[in-house]
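Residue numbers (the UniProt record's numbering): 1 to 133.
Note that CB positions come from ideal geometry on N, CA and C, so glycine has one too.
For reference, the structure is listed below as structure tokens.
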């Protein structure tokens, strides 16, 4: 049975790790989300994927609106987590990613899920191309 949970140990919260992801300047996306990512060697006992979310305060002034979108982003990831795990080239790597919401209005979960799936397919293709070199 697939694991659709999203425990705390899989959440990206460390400031240095988040800054390193943005410094790596690797991103892809499909409106209304952009995913910044970084591949790292995985240590023993570490999760295969670390994920964080961000919604701009400049676009969504009210905290309840930002929190709603962050919940939708996390839910879109959680529902497709087995597919994300299958996208990794091999087990020795850890995928660290930040999901940034780009839209100017709150999109429904279904459109966020479609965008996340498109982004996953783009990432899988990009990683396959890098592995061949």
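With a 10 Å radius around its C-beta and 16 neighbouring C-beta atoms as the bar for buried, classify residue i as buried or exposed.
i: residue 52; result: buried
i: residue 96; result: buried
i: residue 81; result: buried
Mind checking which residues open and close the beta strand (DSSP E) that includes residue i?
i: residue 34; result: 33 to 41
i: residue 51; result: 49 to 55
i: residue 30; result: 27 to 30
i: residue 96; result: 93 to 101
Could you please give the first and the last residue of the uninterrupted alpha helix (DSSP H) stretch that includes residue i?
i: residue 218; result: Because the chain in this structure spans residues 1 to 133, residue 218 falls outside the shown range and cannot be described.
i: residue 19; result: 15 to 24
Among the options, which residue has its Cα nearest to the Cα of residue i?
i: residue 21; options: 61, 34, 46; result: 34
i: residue 29; options: 43, 130, 105, 101; result: 101
Give me, in chain order, the residues of the same chain whose beta-carbon lies closer than 8 Å to that of residue i; leave out the 5 immediate sequence neighbours on both sides.
i: residue 128; result: 89
Identify, in the order they occur along the chain, each residue of the same chain with its Cβ nearer than 7 Å to the Cβ of residue i, setting aside the five sequence neighbours on each side.
i: residue 78; result: 4, 6
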